[in-house]
Structure formats: structure tokens, C-alpha cells
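Before any comments, here is the structure.
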Ligand SMILES: [Cu+2]
């Protein structure tokens with residue numbers, strides 16, 4: 002199991018945070034998700050592919066930087 006940290010741009014409120022969390026939780030292999038709105042950071046644990054996580058965030062309407 003590994004931990005992946007994504008820098009997420011575009012989240013402006015708690016609703017965005019929940020939306021991003023839900024999107025990431027739906028990715029195959031994800032064990033847990035924690036999104037920090039102020040830090041614009043998503044911490045994901047599990048065996049998910051980074052590319053799949055990025056796609057999930059983008060499909061939810063946000064972007065991943067770095
Ligand atoms: Cu929002």
C-alpha cells in the first residue's frame with residue numbers, strides 16, 4: 002500500500018472538497034482519501050494508479066498540478 006499526494010487546484014468550498022473526495026474514493030484500489038481544502042492537497046492511500054486519480058479529479062471539474 003502506498004500514499005499518493007496530489008496538489009488540487011480549483012476547490013473553493015467544502016462542497017468542492019467533498020466532491021473531490023468522493024471522486025477519488027471511487028477510483029479502483031483507493032483505501033482512504035483525505036482532502037485538505039486550505040492546503041489544496043489530497044492524500045490518497047491504497048494501490049491506485051496516479052493517472053487514474055488525476056483523471057478522477059479532472060472529471061470532477063478540478064485540476065491536478067505538479
Ligand atoms: Cu465548492
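In my numbering, the protein residues as written are 2 to 67.
The beta carbon of each residue, even a glycine, is placed where N, CA and C say it ideally should be.
Note that the structure is predicted; figures quoted are calculated from it, not measured.
Rounding to the nearest angstrom, what Cα-Cα distance links residue 46 and residue 14 in this structure?
If I take the Cα positions, the gap works out to 23 Å.
With ligand 1 as the reference, list in chain order each residue whose Cβ lies under 6 Å from any of its heavy atoms.
The set of residues with CB atoms less than 6 Å from any heavy atom of ligand 1 reads, in chain order, 13, 14, 16 and 17.
Hey, residue 58 and residue 66: beta-carbon distance below 8 Å or not?
No.
According to DSSP, which residues form a beta bridge with residue 35?
Bridge partners of residue 35: 44.
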